[in-house]
Amino acid sequence: MKQMEQMETSRRPHRAPVYPAIPEKRNRLTLRVIACDGYCMRTITYAGETVTTTDDVAEALVKLTAAVAKNGRAEAVRIPIVTEDHARVGTADLVIGVGNDVLSLPLEWDRDEQPDFSQQADELRTHPSYPQPITGGPLLDEEMQATGWDFELDGFDRS
């Protein structure tokens with residue numbers, strides 16, 4: 001039996017060994033709901049680091065990350081951030097997609113003004129992988145009725 005297994009494995013292309021998952025030590029998180037009367041920002045947690053950005057950038061980043069992962073890819077993106085002291089703006093480079101988790105949480109903003117990152121959020125939304133609503137064409141049911149779709153003939157009409 002072992003000889004057969006060895007023969008089978010020698011015929012297969014070489015693959016890296018698969019190791020059982022090692023449970024990671026999880027840090028306890030205390031989450032609190034924040035109601036924002038004024039401006040809300042969001043924190044993005046990525047690879048153990050946390051950065052602060054605007055709601056619209058965080059929303060676009062999460063949607064884009066999911067879309068890139070759905071396509072089985074990973075890509076690098078740059079997002080605008082606010083420094084830890086909330087005094088300056090900067091950028092952060094992230095690899096998003098398959099195997100790259102992004103967590104977005106609300107953050108109460110104690111400043112009078114929120115930075116305007118709307119242009120950068122729009123740039124994320126114009127990424128080719130960003131999900132776009134389907135518009136334009138007829139509904140499938142309308143198309144089937146209009147062309148004489150016949151379910152018994154696998155869609156071919158009788159004429």
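Taking my numbering, the leading residue of the sequence shown gets 1, the next gets one more, and so forth. Glycine included, C-beta positions come from ideal geometry on N, C-alpha and C.
Note to self: Using 8 Å as the cut-off, can you tell me whether the stretch 68–75 makes contact with the stretch 43–51, which would need three or more C-beta pairs spanning the two stretches below that distance?
What the structure shows: Touching, no, given that fewer than three Cβ pairs across the two stretches are closer than 8 Å.
Check: Are the beta-carbon atoms belonging to Val-62 and Ile-79 less than 8 Å from one another?
Finding: Taking the C-beta atoms as reference points, Ile-79 is found no nearer than 8 Å to Val-62.
Note to self: What residue range does the alpha helix (DSSP H) around Thr-65 cover?
What the structure shows: Annotation for Thr-65: the continuous alpha helix (DSSP H) segment containing it runs 55–70.
Notebook entry, point to check: Considering only C-alpha positions, which residue in the set Trp-109, Leu-94, Leu-64 and Asp-101 is nearest to Asp-85?
Noted result: The shortest CA-to-CA distance from Asp-85 to any of Trp-109, Leu-94, Leu-64 and Asp-101 is the one to Trp-109.
Margin query: Does Asp-122 come out as helix, strand or coil in the three-state DSSP assignment?
Written below: Three-state DSSP puts Asp-122 in a helix.
Next item on the list: Taking Thr-91 as part of the beta strand (DSSP E), name the residues at either end of that continuous run.
Entry: Following the DSSP letters along the chain, one finds Thr-91 inside the beta strand (DSSP E) bounded by residues 89–97.
Next item on the list: Mind reading off the beta-carbon distance from Val-82 to Pro-106? Whole number of angstroms is fine, and I expect it under 8 Å.
Entry: 14 Å between Cβ atoms; not a contact.
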